[in-house]
Amino acid sequence: MMNNEKYERAIKKFKKNNIRITPQRQIILDYMINSDQHPTVENIYHALNKKFSNLSMATIYNNLNLLKDLDIIIEIPNPEGGYRYDFFETPHIHAICDNCGKIIDVDFPQYQEFDEEIKNAVRKYNFSPKTSHIEINGICENCQKKRPQ
Ligand code: ZN
Ligand code: MN
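The sequence shown stops at residue 148 when you use numbering that gives the first Met the number 0, and every number in between is there.
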């Protein structure tokens with residue numbers, strides 16, 4: 000399974016950085032790999048709380064920060080405050096609605112190539128690039144229908 004490979008690659012990063020693989024971490028990682036909803040901490044808490052009632056909001060938050068530090072997920076500022084999170088093993092473009100905050104993963108296969116070229120350009124400044132993230136702001140289809148301009 001494709002997702003199992005993603006999971007194994009993430010677990011390898013844990014091991015490489017001497018980070019303990021706790022059951023909580025496994026649950027949160029698994030959830031992030033399988034979600035395409037760009038969830039907030041609250042979303043994740045509500046989704047996992049039914050099955051894992053001992054998983055606190057603080058534990059989720061701390062583990063998201065850890066996954067972020069390992070470049071497994073990224074944090075996207077939420078217009079209403081806080082953050083949304085996304086599994087980001089494969090860098091991709093986000094179209095974000097200024098009105099409702101909806102986030103769309105944009106299908107643009109050439110981005111992988113661009114990403115490498117951009118990182119090479121950055122290296123000319125003796126800067127060591129880690130991740131890149133392109134956001135396009137605008138108005139989603141639903142919001143255009145609701146508020147014609
Ligand atoms: Zn919208
Ligand atoms: Mn995404």
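Note that the Cβ used here is the ideal one computed from N, Cα and C, for glycine as well.
As the structure is a computational prediction, the values presented were derived from the model and not from experiment.
Exercise for review: Take every Cβ of the region 9-18, pair it with every Cβ of the region 64-71, and state whether three or more of those distances are shorter than 8 Å.
Suggested key: yes
Point to revise | Local conformation of PHE86 per DSSP, three classes | key: Position 87 of the sequence shown holds residue 86. Three-state DSSP puts PHE86 in a strand.
Point to revise | Residue environment, MET56, which counts as buried when at least 16 other CB atoms sit within 10 Å | key: In the sequence shown, residue 56 corresponds to position 57, counting from 1. Exposed, since its Cβ has fewer than 16 Cβ neighbours within 10 Å.
Check your understanding: If you measure from the CB of ILE138, is any heavy atom of the ligand ZN nearer than 7 Å?
Key -> As a position in the sequence shown, residue 138 is number 139, starting the count at 1. ILE138 Cβ: within cutoff of the ligand ZN.
Practice item. Pull up the distance between the alpha-carbon of ASN2 and that of PHE107, whole angstroms please. Key: Residue mapping note: residue 2 aligns to position 3 of the sequence shown, counting from 1. Residue mapping note: residue 107 aligns to position 108 of the sequence shown, counting from 1. When rounded, the distance between both Cα atoms is 21 Å.
Review point. Quick one: what's got a C-beta closer than 6 Å to ALA9's C-beta in the same chain, skipping five residues either side?
Key: Along the sequence shown, read from residue 1 onward, the residue named residue 9 stands at position 10. Within the same chain, ALA9 has close Cβ partners LEU28, ILE71.
Point to revise | Any 3 or more C-beta pairs closer than 8 Å across the region 99-113 and the region 43-55 | key: These segments do not touch.
Review point. Heavy atom of the ligand ZN less than 7 Å from the Cβ of ASN141, yes or no?
Key: Numbered from its first residue, the sequence shown carries residue 141 at position 142. Annotation for ASN141 indicates a beta carbon within 7 Å of some heavy atom of the ligand ZN.
Check your understanding: Under the three-state reduction of DSSP, which class applies to CYS136: helix, strand or coil?
Key -> Numbered from 1 along the sequence shown, position 137 holds the residue referred to as residue 136. Looking at the sequence itself, residue 136 is Asn, so the reference to Cys does not match. ASN136: strand per DSSP, three-state reduction.
Review point. From LYS118 to GLU134, what distance separates their C-alpha atoms?
Key: Residue 118 sits at position 119 when you count from the first residue of the sequence shown. Residue 134 sits at position 135 when you count from the first residue of the sequence shown. So the alpha carbons of these two residues sit roughly 17 Å apart.
**Study point:** DSSP bridge partner residues for ASP104 (one or two, in chain order)
**Key:** Within the sequence shown, numbered from 1, the residue matching residue 104 stands at position 105. ASP104 pairs with HIS93.
Review point. Considering only C-alpha positions, which residue in the set THR21, ILE18, ARG83, TYR6 is nearest to TYR44?
Key: By 1-based counting over the sequence shown, the position of residue 44 is 45. Nearest C-alpha to TYR44: ARG83.
Point to revise | Rounded straight-line distance, which links the Cα of THR39 to that of ASN98 | key: By 1-based counting over the sequence shown, the position of residue 98 is 99. By 1-based counting over the sequence shown, the position of residue 39 is 40. Rounded to the nearest angstrom, the two C-alpha atoms are 17 Å apart.
Check your understanding: With a CB to CB cut of under 7 Å and the five nearest residues on each side skipped, what residues in its chain are close to CYS142?
Key -> Numbered from 1 along the sequence shown, position 143 holds the residue referred to as residue 142. Cβ neighbours of CYS142 beyond the five flanking positions: CYS96, ASN98, CYS99.
Check your understanding: Over what stretch of residues does the alpha helix (DSSP H) that includes ILE71 continue unbroken?
Key -> The residue you call residue 71 lines up with position 72 of the sequence shown. Looking at the DSSP string, ILE71 is not in any alpha helix (DSSP H), and its letter there is neither H nor E.
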